[in-house]
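Trainee: In the working numbering, the protein residues as written are 43 to 463. All C-beta atoms, glycine included, are put in the ideal place defined by N, C-alpha and C. Okay, here's the structure, questions in a sec.
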Amino acid sequence: MKTLLSMSIMFGLFTLAHAKTSINSMCYRLDQPGSNMQGEHVGELFEIASVSKVVTSYWAIRALDPNFKFSTHIHITPVGSHFFDVHIQGSHDPFWGREMTHFLFAQLNKIGVHEIRKLTFDENLIFRWSVISNYIDPINPSFQEIAEAFHNHLKNLPKEYPKTHSEAALLGLYLPKMLSLKAQSVAYLSSFDFKEESQTVTYALQSVPLYRYLKEMNSVSNNHVADHLFNYLGGPEKFKDFIQQDMNLNSKDIQFINGSGNSLTGINENGESVKEYNKASCDTMLRILFKVRAQLKKFGLDLKDVMAVAGTDEGTLKPRYDSLRNSLVAKTGTVDPAVTLAGVISTTQGNVYFGIFMETESSADWSNARDDIRQKVIELMAQFGGRRSISYRTRGFMPFDQDSGMIREIRQSQTQIKPKP
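Shown next as structure tokens:
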């Protein structure tokens with residue numbers, strides 16, 4: 043009797059826990075001619091959380107193309123025996139952090155720069171030292187904080203650089219084993235105030251292609267990168283214009299305040315503090331997923347090149363979807379009232395595009411909501427004949443590759459870099 047009572051209590055608690063989660067919307071469509079959209083509440087607006095990053099990705103590849111590279115210009119001027127002034131002209135590269143900074147230092151050593159008199163940077167440098175590992179909240183450090191960071195990381199170069207060196211080596215990227223670089227001063231210098239001299243030589247330091255950035259951003263759900271990329275593209279008002287012109291979508295279909303899907307706190311007409319969220323309808327998300335894939339295919343790419351693949355890629359799909367290895371390509375999302383997932387599953391009957399938006403009461407419900415979503419994905423796979431594996435191999439990420447080295451920009455006034463006597 044006691045056992046039955048305990049089981050009844052446990053069952054009641056289980057039911058109560060799941061009662062706090064419910065489906066806002068679910069939709070799906072088989073990628074075959076003549077197939078129709080199916081689901082519930084497919085045209086209603088709901089919070090989509092970090093599924094927003096798929097939309098940000100689409101805007102980026104339409105505006106810039108998947109092979110776009112952020113090109114940071116490095117201006118180098120000899121100022122004395124073995125000394126140089128180095129100015130960093132930023133490119134709004136959202137992944138500029140430890141890895142890219144060390145890559146720059148290595149490239150400076152490569153061309154003979156070891157002693158810097160003045161190291162300066164402009165307002166277009168987006169700097170976050172731990173951008174790959176600490177990215178939940180976007181940050182905008184002051185110019186003074188960036189200068190202090192450069193100073194400190196130059197000082198700690200012997201201790202910090204080996205980590206970057208070993209990470210690069212694992213990906214087959216060559217970096218020198220040791221670096222030697224010092225700077226007498228580090229400071230902000232605006233793009234307006236920077237002036238080249240006759241002996242200044244300019245190099246371009248390039249990132250990996252944009253689609254590699256999107257892959258990393260989506261796999262781990264990097265909010266810092268997504269929001270900075272969204273702002274680089276023009277922000278909310280420009281996005282509204284873009285999505286209207288590109289897909290004839292309006293505020294009844296999609297509403298965006300940022301690129302990540304994180305909530306923002308605003309003030310309503312009564313002066314009360316309220317949270318704002320990115321919202322979209324389920325059918326809008328599927329339309330965008332189809333557009334992302336079509337755009338990528340023009341460049342010989344696919345969704346797996348910009349989104350996480352279950353069971354193989356590290357990221358937010360792990361470990362819940364490991365059993366669906368190479369059969370699910372998707373983006374997760376979690377924000378105060380919602381847990382979401384959108385992507386494509388590979389089945390024996392073909393690719394099935396889907397979106398699932400769950401409502402929750404609190405963070406205590408998130409795990410249950412994620413379990414519910416996983417169950418619906420498995421049911422979808424069964425509905426279309428079971429899962430089928432795609433051909434895929436994961437690859438590690440660095441914001442630079444073998445083609446990123448400093449490329450000299452030849453100008454008529456420029457000469458070879460040689461220290462002044």
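For G154, write down the residues that DSSP places opposite it in a beta bridge.
Mentor: In the sequence shown, counting from the first residue as 1, residue 154 sits at position 112. The partner list for G154 (beta bridge, DSSP) is empty, contrary to what the question assumes.
Trainee: For L306, which option in K317, Q297 and N312 has the closest C-alpha, if you only look at C-alpha atoms?
Mentor: By 1-based counting over the sequence shown, the position of residue 306 is 264. Ranking K317, Q297 and N312 by Cα distance to L306 puts K317 first.
Trainee: Look up I398 in the DSSP assignment and say whether it is helix, strand or coil.
Mentor: For the purposes of this step, residue 398 is taken as the residue at position 356 of the sequence shown. The answer is strand: DSSP assigns I398 an E or B state.
Trainee: Count the other CB atoms within 10 Å of the CB of P361; is the residue buried (16 or more) or exposed (fewer)?
Mentor: Counting from 1 along the sequence shown, the entry for residue 361 is found at position 319. Classification of P361: exposed, given that the 10 Å Cβ count is below 16.
Trainee: Exposed or buried, what is K111 when buried is set at 16 or more other beta-carbons lying within 10 Å of its beta-carbon?
Mentor: In the sequence shown, counting from the first residue as 1, residue 111 sits at position 69. When all chains shown are included, K111 counts as buried.
Trainee: Is it buried or exposed for G357, if we count other Cβ within 10 angstroms and need 16 for buried?
Mentor: Residue 357 sits at position 315 when you count from the first residue of the sequence shown. Classification of G357: buried, given that the 10 Å Cβ count is 16 or more.
Trainee: Using only CA atoms, which one of W101, Q286 and F236 lies nearest to G276?
Mentor: In the sequence shown, residue 276 corresponds to position 234, counting from 1. G276 has its Cα closest to that of W101, out of W101, Q286 and F236.
Trainee: How big is the Cα-Cα spacing for V371 and Y177?
Mentor: As a first step, residue 371 must be located in the sequence shown, where it is residue number 329. As a first step, residue 177 must be located in the sequence shown, where it is residue number 135. Rounded to the nearest angstrom, the two C-alpha atoms are 22 Å apart.
Trainee: Can the beta-carbon of K346 be found less than 8 Å from the beta-carbon of I432?
Mentor: Locating residue 346 in the sequence shown gives position 304, counting from the first residue. Locating residue 432 in the sequence shown gives position 390, counting from the first residue. The answer is yes: Cβ separation under 8 Å.
Trainee: From the DSSP output, which residues share a beta bridge with Q248?
Mentor: Within the sequence shown, residue 248 is the residue found at index 206, counting from 1. The partner list for Q248 (beta bridge, DSSP) reads S113.
Trainee: Can you tell me the Cα-Cα spacing of G122 and F332, whole angstroms?
Mentor: Numbered from its first residue, the sequence shown carries residue 122 at position 80. Numbered from its first residue, the sequence shown carries residue 332 at position 290. Roughly 57 Å separates the two Cα atoms.
Trainee: What is the residue span of the alpha helix (DSSP H) that S99 lies within?
Mentor: Counting from one through the sequence shown, the residue named residue 99 turns up at place 57. Segment S94 to A105, the alpha helix (DSSP H) holding S99.
Trainee: Using 10 angstroms around the beta-carbon of E89, count the other beta-carbons present and answer buried if the total reaches 16, otherwise exposed.
Mentor: On the sequence shown, residue 89 is found 47 positions in, with the first residue counted as 1. Result: buried.
Trainee: For the alpha helix (DSSP H) holding M423, just list the boundary residues, first then last.
Mentor: Start at 1 with the first residue of the sequence shown, and residue 423 comes out as number 381. In the DSSP assignment, M423 falls within the unbroken alpha helix (DSSP H) covering W408 to Q425.
Trainee: Locate the beta strand (DSSP E) running through Y274, then write down its first and last residues.
Mentor: If you number the sequence shown from 1, residue 274 lands on position 232. No beta strand (DSSP E) contains Y274, which is instead part of the alpha helix (DSSP H) from N265 to L275.
Trainee: Along the chain, where does the beta strand (DSSP E) containing L72 start, and where does it finish?
Mentor: Here the question's residue 72 lines up with position 30 in the sequence shown. Run containing L72: T63 to L72, per the beta strand (DSSP E) assignment.
Trainee: Quick one: Cα of S67 to Cα of V93, how far?
Mentor: Reading the sequence shown from its first residue, position 25 is the one you call residue 67. Reading the sequence shown from its first residue, position 51 is the one you call residue 93. If I take the Cα positions, the gap works out to 14 Å.
Trainee: Count the other CB atoms within 10 Å of the CB of S446; is the residue buried (16 or more) or exposed (fewer)?
Mentor: As a first step, residue 446 must be located in the sequence shown, where it is residue number 404. S446 is buried by the Cβ-count criterion.
Trainee: Going by the beta-carbon positions, is the gap between N260 and V96 smaller than 8 Å?
Mentor: By one-based count along the sequence shown, residue 260 stands at place 218. By one-based count along the sequence shown, residue 96 stands at place 54. The Cβ atoms of N260 and V96 lie closer than 8 Å to each other.
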